[in-house]
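J.: This is the structure, below, for whatever I ask next.
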Amino acid sequence: MNILLLGSGGREHALAWQLAQSPACTRLYAAPGNPGIAEEAECVPLDASDHGAVIAFCKAKAIDLVVIGPEAPLVDGLSDSLRAAGVPVFGPSQAAAQLEGSKGFTKDLCARAGIPTAGYVRTASLAEA
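Structure (structure tokens):
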């Protein structure tokens with residue numbers, strides 16, 4: 006299985022280490038990666054915000070699975086773009102990623118759904134807070 010791991014932090018380093026140990030993994034790429042990740046994967050210069058470039062890379066390298074680590078590409082809808090292009094991806098949809106990407110959205114959702122949560126106030130500036 007050819008896998009593309011997106012991200013460059015500690016979370017992605019741990020994921021790269023574990024993915025590389027899997028007998029199912031034949032080739033592991035990481036973008037952009039970091040020196041620790043480079044010990045487990047081939048780091049490639051892909052920008053996760055360029056959905057077209059990520060999809061083209063996946064097609065060119067016959068990627069069987071994309072694992073998205075950071076929050077930003079998920080909130081940006083990369084997993085949705087990959088799924089629409091027929092590329093299997095581990096990561097929530099853009100709509101689901103809002104729960105992690107926007108604390109205000111999550112607090113409002115909890116309040117509407119009657120889910121207990123600490124009190125909060127939404128502000129647009131430091132002065133309002």
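What the sequence shown shows, in my numbering, is residues 6 to 134, in sequence order. In this text, a Cβ means the ideal position worked out from N, Cα and C, and glycines have one as well.
(1) Count the CB pairs spanning the stretch 46–66 and the stretch 82–90 that are closer than 8 Å, and state whether there are at least three.
(2) Do residue 53 and residue 78 have their C-beta atoms within less than 8 Å of each other?
(3) Please confirm whether residue 91 and residue 12 have their CB atoms less than 8 Å apart.
(4) Could I get the ranges of all uninterrupted alpha helix (DSSP H) runs contained in the stretch 31–62, with 4 residues as the minimum, in chain order?
(5) Count the other CB atoms, across all protein chains shown, that sit within 10 Å of the CB of residue 94; report buried if there are 16 or more and exposed otherwise.
(6) Quick one: residues in its chain with C-beta nearer than 7 Å to the C-beta of residue 98, no 5 flanking neighbours on either side, listed in chain order?
(7) Alpha carbon to alpha carbon, what distance is there between residue 28 and residue 128?
(8) What separation, rounded to the nearest whole angstrom, lies between the Cα atoms of residue 9 and residue 35?
(9) Tell me the residue span of the alpha helix (DSSP H) that contains residue 15.
(10) Can the beta-carbon of residue 80 be found less than 8 Å from the beta-carbon of residue 102?
(11) Do you know how far the Cα of residue 37 is from the Cα of residue 44?
T.: To lay it out plainly:
(1) Touching, yes.
(2) Cβ atoms of residue 53 and residue 78: closer than 8 Å.
(3) No Cβ-Cβ contact shorter than 8 Å links residue 91 with residue 12.
(4) For the stretch 31–62, whole alpha helix (DSSP H) runs of length 4 or above, ordered along the chain, are 40–43.
(5) Residue 94 is buried by the Cβ-count criterion.
(6) Excluding sequence neighbours, residue 98 sits near 84, 85.
(7) Taking the straight line joining both Cα atoms gives about 49 Å.
(8) Their Cα atoms are separated by approximately 6 Å.
(9) Boundaries of the alpha helix (DSSP H) around residue 15: 15–26.
(10) Result yes, Cβ atoms of residue 80 and residue 102 sit closer than 8 Å.
(11) Between the C-alpha atoms of residue 44 and residue 37 there is a straight-line separation of about 13 Å.
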